[in-house]
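J.: For the sequence shown, the working numbering gives the first residue as 67, with consecutive numbering after it. In this text, a Cβ means the ideal position worked out from N, Cα and C, and glycines have one as well. Keep in mind it's a predicted model, so treat the numbers as computed, not measured.
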Amino acid sequence: MRRLLAVFPVLLCVLLGAPAGVGAAAHEVTYDRYSLKVDGERLVLQSAEFHYFRLPSPELWRDVLEKLRAAGFNAVSIYFSWAYHSPKPGVYDFTGVRDVDRLLRTARQAGLYVIARPGPYINAESTGGGLPAWVKTVPGRARSSAPGYQAAYREWLHRINPIIARHQVTGGGPVILYNAENEYQVNTDAAYMQDIQDQARADGIDVPITTNDCCDAGSWSSTWATGPGAVQIPGVDDYPQSFECATPEVWGPWGEGLTERLRDDIPVFAAEYQAGAIDLGDAGYDKCRELTGPAYMKYFYKNNLVTTGATMFSYYMGYGGTNWGWLAQPNDVYTSYDYGAAITEARQLTPKYDEFKRQGYFLEAVAPLAKTDAVTSPATPDNPTLTTTARANPDTGTQFVLVKHADRAATGTDDATLDWAAPDGRHWVPVRVKGRDAHVLVAGYDLGGQRLVLSTSEIMTHALIGGRDVALLYGTAGSPGATILRYGSRPVVKVLEGDVRAEYTGGDLRLDYTHDGLARVLVTGGGRRPLLLLLGTDETAAGFWRAETGAGPVLVRGTELVRSASASGDTLRLAADTAGGQVEVFAGPATRRLRIGAEDVPVTRTPSGSLLGATRAPEPVRLPALTAWRSRAEAPEAAPGFDDSRWTAADHTTTISPHQPKTLPVLYADDYGYHYGNVWYRGHFTATGSETRIDLNAVTGLRGNYLVWLNGRYLGSAAGGVEADSGDASTPPNPDPGPGHFEVPAGVLRPGADNVISVLVANMGHNDDWIADDLRFKQPRGLVAATVGGAVGGTPISWRIQGSPGTDPLRGPLNNGGLYGERTGWHLPTYPDKSWKTPSAELAPGVTWLRTAFRLDLPKGQDAPVGLRFGGDPSPAYRVQVFLNGWNVGQYGGDIGPQRDFVLPAGILDEHGTNTIALAVTAEQPVAGPGPLSLFTYGNVRGSR
Ligand code: GAL
């Protein structure tokens, strides 16, 4: 075992709460080849990824984190986005939606450890891969130890590290691991990798440092295992289903996804294991959820658990969230980053959540899983279509047998008898595998006060409740199950519900049954404390929630969620979400009353000893229609007389970008400090009268465009390019359309006088820097070439540029670009729009704003997330930025992506007041505007969000 903290004095003290270690006192983190340990106690780390920067509503962080904890996760993995906090060098903001102290406090309160991942590079399909766009103007290759970049990233680390440091497990906080960089390839720059760690240590980070290796490579484990740059616990990222959401039936195109053991002295760490997908083909996230649904989770996660013996898992993503503002990296994602995750963007629980819960509760309840070695399978199926793999705990002998189809592609249902040499004897038991199901079966396990010889049902959880063991086992509906328990003498078996046959011979009580609904068996006597055995199906088992109280654990079913429970006197209090219907609680006999939220729930005692009551249905939610739209056209910048004298002169003749401009001056928006959203250019030239054409080229990132005016006359639009890709196979496609040619129409030129070209260029976000080659990342945004053709000797143009000042203190630097309306506050709820007109049926080319307000008064004590829906078909001729109360909550349009529904998160949305929606519509040609628009709810529960 490596004593990580030898140089860091730590206080050891009593473990508090659940999971062990997430409490106010200081703890020690160590590890060996099997698992992490907190204060010497082994831990199976079950983490899911969450990005606070994709949920700009801190009050909802608690909801998501509590939902993760309620599924059995004991940790959350969090990227910290440098770009989100830093609009320019030396300027950092950790307030409001960027308050990561609050985030880490909330994680601790939710009972979750934190894997802190501050990069500096994070990828994550976020703009610049988390690097602020201003880093594009810093000399020296990003993600290297080049001095310019080094000064920049150290600045970030010295801001973020101290925050993380004060929330470490070693000081009583939740941070248990620190992840350096992201999928940083070996042989890139070891000194850089080492420096990140040195900075972290200097800033007080004393928990183990990890990194996530890309693509099965294990690169930090091998050559540089102990050299400069090596981390303590490298892990591996695996995305076996790839990202082709349109074809969810394609199974494991990227292989079995087995997380490799990287070193003998550390646990196997699945640092990012696929739990959803980016929607590469615009198939929609429901398809991504299908691609990575329960069948995938059963097959791949269980295979990974038993085949490699991993005890550290982090699933990417647990909750995806929203690319609000200009947060998205332009090539792979659109506004929604739902990711097909277990918890949807609108915070709804899905069947994937149920599967996480089944597996998560198992990992949490069955302690021998934290220390296992691969063993020859003790269980042989008599049907060759099925196969088994096994591990065993070397101390307890507990066996874990994975049963699945031998052929990964098999979709049929197969039965077999397992000939199982279990630690307590040899048995023949039935098993069934349906399609891509995979079961982890347990033998030789001290289940509370019971001895489980073996079971062909899977264990979901078990708990000592009121002096008896309550065990919840489950199997596929309709499949046969057998559970064998060992007793010193014949026990009394009472089948309370369901069809279960019991037979006692030679110390073994064998129960045979078919998984169907929820069977209940009470076993007493036999020299052990009583056992209530609950035998469910996947579905009925998933209906259970487990929570810890000061008086011990409780199980609850019939609620939509249980966040926490507490017991005092004869009353059990639940913080739970409910949607009406029966609720059943398994608590000790002292518990006679139930209170959910602020309501008493009358209960009666059942033959199982549980309490049964009913919850009320939530009040229906009524949402107003969106009417009374007002409209105003903008783009005064297009008019020749517009005063641009205060705009920034774009007159640089050099740039540090690895991509040189095709014409001078340099017109790259970043070089003038305009990093996010739209930018305007105005180019002045004195015409001779013989000018015939304007040739422009703009680089915008995928789905970007630009619009061009000459002396106020609209000349048209062109698609922006993504040129200057590095040529690596992993780079985005290169649909660079080449320069846009615009003919000068007759009668528009003003010979001998000032002529003005106005260009509105979209910046769809910054490329990531996944392969750390700088070429993609430093790809410019804005105009890269501009000439006026036709006049002898060429036409000099003098340029000015205007973009977002990026100074909104509340919403941050990524909220706005440089549209006139944005610069003037048309998106803000307080903007006086009384003088605005009724929208016309057709929008003119350019930018038109539409605004309306609506009042909400949602039922108190309920959670009914609201969305905005664009009806009708979007046109590729327009793109819409959607502002809710000034917050840029998304982009919509025929060329933007498949998204029609936009989440309006509570917090930004006033659920009990007036809200303003403002749409900035950029049209490339005369077109009917978007719509009709309506509000809708994603769900409705009573609850304690
Ligand atoms: C990983 C990367 C993550 C994310 C993921 C795909 O390679 O580390 O940040 O980009 O791929 O969603």
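(1) Taking only three categories from DSSP, how would you classify M830?
(2) If you reduce the DSSP assignment to three classes, tell me which class Q1014 lands in.
(3) Using CA atoms only, rank isn't needed, just tell me which of P879, F146 and A114 is closest to A137.
(4) In three-state DSSP terms, what is K364?
(5) Among A482, T657 and H471, which residue has its Cα nearest to the Cα of N449?
(6) Anyone know if the C-beta pair for M383 and Y367 falls short of 7 Å?
(7) Between the region 545-552 and the region 569-584, can you find at least three pairs of beta-carbon atoms closer than 8 Å?
(8) Do M526 and Y365 come within 7 Å of each other at the CB atom, strictly closer than that value?
(9) Of the residues F309, S380 and P333, which one's Cα is nearest the Cα of Y351?
(10) Determine whether the beta carbon atoms of V725 and A199 lie at a separation below 7 Å.
(11) Given a cut-off of 7 Å, decide if F751 and T861 are closer than it, judged by their beta-carbon atoms.
(12) Flag this pair as yes or no: are the beta carbons of I867 and A716 separated by less than 7 Å?
(13) Please confirm if the region 759-777 is in contact with the region 849-863, defined as three or more CB-CB distances below 8 Å between the two stretches.
(14) On the DSSP bridge assignment, give the partners of D578 in chain order.
(15) Please indicate yes or no: does the CB of I271 lie closer than 6 Å to some heavy atom of the ligand GAL?
(16) Leaving out five residues on either side along the sequence, give the residues of the same chain with a beta carbon under 7 Å from the beta carbon of W222.
(17) What's the gap between the Cα of V201 and the Cα of A218?
(18) Comparing the CB of A218 with every heavy atom of the ligand GAL, is any distance shorter than 6 Å?
(19) For K353, which three-state DSSP category applies?
(20) Considering Cα atoms alone, identify which of L660, L826 and Q928 is closest to D643.
(21) Would you tell me roughly how many angstroms separate the C-alpha atoms of V499 and H505, rounded to the nearest one?
(22) Return the residue from the list D874, Q845, S697 and S756 that minimises the CA-CA distance to P817.
(23) Who are the Cβ neighbours of K903 in its own chain at under 6 Å, not counting the five residues just before and after it?
(24) Is there at least one non-hydrogen atom of the ligand GAL closer than 6 Å to the beta-carbon of A190?
(25) If you scan the region 882-951 from start to end, which runs of the alpha helix (DSSP H) of 4 or more residues do you find wholly inside it?
(26) Report the option in G878, G869 and T896 whose CA atom is closest to the CA atom of L885.
(27) Any contact between the region 821-836 and the region 766-773? By contact I mean 3 or more CB pairs, one from each, below 8 Å.
(28) Could you tell me the boundaries of the alpha helix (DSSP H) in which P655 lies?
(29) Would you decide whether R1011 is buried or exposed? Buried here means 16 or more other CB atoms lie within 10 Å of its CB.
(30) Could you give the first and the last residue of the continuous beta strand (DSSP E) run that contains K418?
(31) DSSP state of Y385, grouped into three classes?
(32) Which two residues bound the contiguous beta strand (DSSP E) that contains L243?
(33) Let me know the secondary structure DSSP gives T853 once reduced to three states.
(34) Which class does D345 belong to by DSSP, given the choice of helix, strand or coil?
(35) Tell me the residue span of the beta strand (DSSP E) that contains G602.
(36) For my contact list, L178 and A141 are in at a C-beta cut-off of 8 Å; report their separation, rounded to the angstrom.
T.: Based on what the coordinates show:
(1) Locating residue 830 in the sequence shown gives position 764, counting from the first residue. Coil, per DSSP.
(2) Given that the chain is displayed from residue 67 to residue 1011, the structure contains no residue 1014 and the question cannot be resolved.
(3) As a first step, residue 137 must be located in the sequence shown, where it is residue number 71. Out of P879, F146 and A114, A114 has the C-alpha closest to the C-alpha of A137.
(4) By one-based count along the sequence shown, residue 364 stands at place 298. Correct three-state label for K364: helix.
(5) What you label residue 449 is simply residue 383 of the sequence shown in a count that begins at 1. The shortest Cα separation from N449 among A482, T657 and H471 belongs to A482.
(6) The sequence position of residue 383 within the sequence shown is 317, counting from 1. The sequence position of residue 367 within the sequence shown is 301, counting from 1. Not in contact: M383 and Y367 (Cβ atoms no closer than 7 Å).
(7) Note that the region 569-584 touches the region 545-552; at least 3 beta-carbon pairs, one per stretch, sit closer than 8 Å.
(8) As a working note, residue 365 is residue 299 in the sequence shown. As a working note, residue 526 is residue 460 in the sequence shown. No, the pair does not count as a contact, with Cβ atoms beyond the cut-off.
(9) Along the sequence shown, one-based indexing puts residue 351 at 285. Out of F309, S380 and P333, F309 has the C-alpha closest to the C-alpha of Y351.
(10) As a first step, residue 725 must be located in the sequence shown, where it is residue number 659. As a first step, residue 199 must be located in the sequence shown, where it is residue number 133. Correcting the residue identity first, residue 725 is His in this sequence and not Val. Not in contact: H725 and A199 (Cβ atoms no closer than 7 Å).
(11) Reading the sequence shown from its first residue, position 795 is the one you call residue 861. Reading the sequence shown from its first residue, position 685 is the one you call residue 751. It is a contact, given that the beta carbons lie within the stated cut-off.
(12) Within the sequence shown, residue 867 is the residue found at index 801, counting from 1. Within the sequence shown, residue 716 is the residue found at index 650, counting from 1. The Cβ-Cβ distance between I867 and A716 falls below 7 Å.
(13) Using a Cβ-Cβ distance cut-off of 8 Å, the region 759-777 and the region 849-863 are in contact, since at least three pairs of beta carbons, one from each stretch, lie closer than that value.
(14) As a first step, residue 578 is located in the sequence shown; it is residue number 512 there, counting from the start. Partner(s): A548 and R567.
(15) In the sequence shown, the residue the question calls residue 271 occupies position 205. Not under cutoff, so the answer is no.
(16) Taking the sequence shown and counting its residues from 1, one reaches residue 222 at position 156. So the qualifying residues of the chain are W148, S152 and P186.
(17) Here the question's residue 201 lines up with position 135 in the sequence shown. Here the question's residue 218 lines up with position 152 in the sequence shown. Approximately 7 Å, taken between the alpha carbons.
(18) To locate residue 218, count along the sequence shown from 1; it is residue 152. No, the Cβ of A218 stays beyond 6 Å of every heavy atom of the ligand GAL.
(19) Position 287 of the sequence shown, counted from the start, is the residue given in the question as residue 353. Here K353 sits in helix by DSSP.
(20) Indexing the sequence shown from 1 puts residue 643 at position 577. The candidate whose alpha carbon is nearest that of D643 is Q928.
(21) Reading the sequence shown from its first residue, position 433 is the one you call residue 499. Reading the sequence shown from its first residue, position 439 is the one you call residue 505. Cα-Cα distance, rounded: 8 Å.
(22) Looking up residue 817 in the sequence shown gives position 751. When each option's Cα is compared against that of P817, the closest is S756.
(23) For the purposes of this step, residue 903 is taken as residue 837 along the sequence shown, with counting starting at 1. Scanning its chain for C-beta atoms nearer than 6 Å, with the 5 sequence neighbours on each side dropped, one finds around K903 the residues S697, in chain order.
(24) Here residue 190 corresponds to residue number 124 of the sequence shown, with the count starting at 1. Yes, the ligand GAL has a heavy atom inside 6 Å of this Cβ.
(25) Listed in chain order, the complete alpha helix (DSSP H) runs (minimum 4 residues) inside the region 882-951 are 886-890.
(26) As a first step, residue 885 must be located in the sequence shown, where it is residue number 819. The residue with the shortest Cα to Cα distance from L885 is G869.
(27) Touching, yes.
(28) For the purposes of this step, residue 655 is identified with residue 589 of the sequence shown, where counting begins at 1. It is not in any alpha helix (DSSP H) - P655 carries neither H nor E in the DSSP assignment.
(29) Indexing the sequence shown from 1 puts residue 1011 at position 945. Result: buried.
(30) Numbered from 1 along the sequence shown, position 352 holds the residue referred to as residue 418. Note, K418: premise wrong, no beta strand (DSSP E); alpha helix (DSSP H) at P417 to A431.
(31) Counting from 1 along the sequence shown, the entry for residue 385 is found at position 319. It is a strand residue.
(32) Residue mapping note: residue 243 aligns to position 177 of the sequence shown, counting from 1. Segment V241 to N245, the beta strand (DSSP E) holding L243.
(33) In the sequence shown, the residue the question calls residue 853 occupies position 787. The three-state secondary structure of T853, taken from DSSP, is strand.
(34) Here the question's residue 345 lines up with position 279 in the sequence shown. DSSP places D345 in coil when its eight states are reduced to three.
(35) As a first step, residue 602 must be located in the sequence shown, where it is residue number 536. G602 -> beta strand (DSSP E) spans L597 to T603.
(36) By 1-based counting over the sequence shown, the position of residue 178 is 112. By 1-based counting over the sequence shown, the position of residue 141 is 75. Confirmed, about 6 Å.
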